[in-house]
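> Residue numbers for the sequence shown follow this note's numbering, beginning at 4 and rising by one. Note that the Cβ used here is the ideal one computed from N, Cα and C, for glycine as well. There's a structure below that I have some questions on.
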Amino acid sequence: MRILESHPSDWKDLEVKVGKILNASGFIATVNKQIKTVRGRVNVDVYAEDVKSIPKSINLFECKYWSADIPQAVIHSFRTVLNDFGANSGFIIVKNGFQSGAYDAVKNTNVHLLSWNEFQDVFIERWLECTLDILNEIGLPLREYTDPLDMDKFYEKASDDDKEIYKNLCVKYVGVALYSSKFFYQFQSGVMQIKKEQVDQLIDKAIKEKLLGITRFHSYSDYFEFLQANCLEGMREFELLFEKYN
4 MRILESHPSD
14 WKDLEVKVGK
24 ILNASGFIAT
34 VNKQIKTVRG
44 RVNVDVYAED
54 VKSIPKSINL
64 FECKYWSADI
74 PQAVIHSFRT
84 VLNDFGANSG
94 FIIVKNGFQS
104 GAYDAVKNTN
114 VHLLSWNEFQ
124 DVFIERWLEC
134 TLDILNEIGL
144 PLREYTDPLD
154 MDKFYEKASD
164 DDKEIYKNLC
174 VKYVGVALYS
184 SKFFYQFQSG
194 VMQIKKEQVD
204 QLIDKAIKEK
214 LLGITRFHSY
224 SDYFEFLQAN
234 CLEGMREFEL
244 LFEKYN
């Protein structure tokens, strides 16, 4: 499973998807940005600043939606732009592949040659870390609502029927609440840094044990969008119940 299931449909979609993944991974990315090099102004497909690194680093991305393999001339031209601008790293992301000798042309350089899927694999753990940070914040109210120890005031006032409704809502949303917690993923892996393998194991567990009420996810985006939407829906259902006693 990868960040996105669908492949880019054209060159523009490739640029947009690359920028989207980078922004969701903690970069400040701009699609089709003009930069100033020592030889003049140049347009780059995607410009990304890594503000989380110290010092800040700058990465340039060349997106080639070509049916043919990319020749070495493209790589040499990109290396020139990279060096003239002083970027930290460069990535060429392609639809198809590279001509013979391309990898020798970037050996011991700061240029990386990637397919669309390889690009996703390179940034997956940063993407997971940032996406979990957002989900963790969105899911906080639901985790509180599904913890009976935090609902003592509600229990003091609620009717027996509403207490039963509350219990049913807890059963319905406790899995979503648990899987919205970043600490849950860290605890399961035993390390603070989020790892793809541990996320995969937890997703498999949720599917096999029917903890989320769904039998398949097509991508990590699909999985996290499901959790975010169900966190918000669960919060609305609980808050509708709590309104009676505010």
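Could you pull out every unbroken beta strand (DSSP E) segment of at least 3 residues lying fully inside the region 83 to 113, listed in chain order?
Whole beta strand (DSSP E) segments, 3+ residues: 92 to 97.
> Rounded to a whole number of angstroms, what is the C-alpha to C-alpha distance between Val202 and Leu145?
Numbered from 1 along the sequence shown, position 199 holds the residue referred to as residue 202. Numbered from 1 along the sequence shown, position 142 holds the residue referred to as residue 145. Answer to the nearest angstrom: the Cα atoms are 21 Å apart.
> Determine contact between the region 56 to 72 and the region 89 to 97, defined as no fewer than three beta-carbon pairs at a distance below 8 Å.
Because the criterion of three Cβ pairs below 8 Å is met, the region 56 to 72 and the region 89 to 97 touch.
> By a C-beta neighbour count over all protein chains shown, 10 Å radius and 16 as the cutoff for buried, is Glu65 buried or exposed?
For this step, residue 65 is matched to residue 62 along the sequence shown. With 16 or more Cβ atoms within 10 Å of its Cβ, Glu65 is classed as buried.
> At the level of alpha carbons, what is the spacing between Tyr188 and Leu131?
Against the sequence shown, residue 188 aligns to sequence position 185. Against the sequence shown, residue 131 aligns to sequence position 128. Distance between the alpha carbons of Tyr188 and Leu131 is about 11 Å.
> Give me the Cα-Cα distance between Asp155 and Ile141, rounded to the nearest whole angstrom.
Within the sequence shown, numbered from 1, the residue matching residue 155 stands at position 152. Within the sequence shown, numbered from 1, the residue matching residue 141 stands at position 138. Spanning the two alpha carbons is a distance of roughly 23 Å.
> Taking the C-alpha atoms as reference points, what is the distance between Asn86 and Ile38?
For this step, residue 86 is matched to residue 83 along the sequence shown. For this step, residue 38 is matched to residue 35 along the sequence shown. Their Cα atoms are separated by approximately 13 Å.
> Below 7 Å CB to CB, which residues in the same chain sit around Asn26 once its five sequence neighbours on both sides are set aside?
Counting from one through the sequence shown, the residue named residue 26 turns up at place 23. Ala32, listed in sequence order.
> Does DSSP put Thr40 in a helix, in a strand, or in coil?
In the sequence shown, the residue the question calls residue 40 occupies position 37. If DSSP states are grouped into helix, strand and coil, Thr40 belongs with the strands.
> Mind checking which residues open and close the beta strand (DSSP E) that includes Ile61?
Translated into the one-based positions of the sequence shown, residue 61 becomes position 58. Taken as a continuous stretch (DSSP letters only), the beta strand (DSSP E) holding Ile61 covers Ser60 to Lys67.
> So, under 8 Å CB-CB, Phe126 and Ile96 are touching, yes? Tell me the CB distance rounded to an integer number of Å.
Within the sequence shown, numbered from 1, the residue matching residue 126 stands at position 123. Within the sequence shown, numbered from 1, the residue matching residue 96 stands at position 93. The pair is not a contact, with the Cβ atoms about 11 Å apart (cut-off 8 Å).
> The alpha helix (DSSP H) that contains Ala27, what's its start and end?
Taking the sequence shown and counting its residues from 1, one reaches residue 27 at position 24. Counting along the chain, the alpha helix (DSSP H) containing Ala27 begins and ends at Trp14 to Ala27.
> Considering only the alpha carbon of each residue, which of Asn139, Tyr169, Ile137 and Asp136 lies closest to Leu152?
Your numbering for residue 152 matches position 149 in the sequence shown. The shortest C-alpha separation from Leu152 is found at Tyr169.
> According to the Cβ coordinates, are Ile137 and Gln231 closer than 9 Å?
Numbered from its first residue, the sequence shown carries residue 137 at position 134. Numbered from its first residue, the sequence shown carries residue 231 at position 228. Contact flag set, yes.
> If you drop the 5 nearest sequence neighbours on each side, which residues of the same chain put their C-beta closer than 7 Å to that of Asn139?
For the purposes of this step, residue 139 is taken as residue 136 along the sequence shown, with counting starting at 1. Answer for Asn139: Ser183, Ser184 and Lys185, listed in chain order.
> Does the beta carbon of Trp130 come closer than 9 Å to any beta carbon on chain D?
Absent from the structure: chain D. Only one protein chain is present.
> So what does Thr33 bridge to, in DSSP terms?
Within the sequence shown, residue 33 is the residue found at index 30, counting from 1. Answer by DSSP bridge pairing, in chain order: Tyr50.
> Per DSSP, what kind of secondary structure is His115 in: helix, strand or coil?
Locating residue 115 in the sequence shown gives position 112, counting from the first residue. Strand at His115.
> On the DSSP letters alone, give me the boundaries of the alpha helix (DSSP H) that Lys213 sits inside.
Here residue 213 is taken as the residue at index 210 of the sequence shown, counted from 1. Premise fails: Lys213 is in no alpha helix (DSSP H) and is neither H nor E.
> Hey, could you find the ends of the alpha helix (DSSP H) Arg239 is sitting in?
What you label residue 239 is simply residue 236 of the sequence shown in a count that begins at 1. First-last of the alpha helix (DSSP H) with Arg239: Tyr223 to Phe245.
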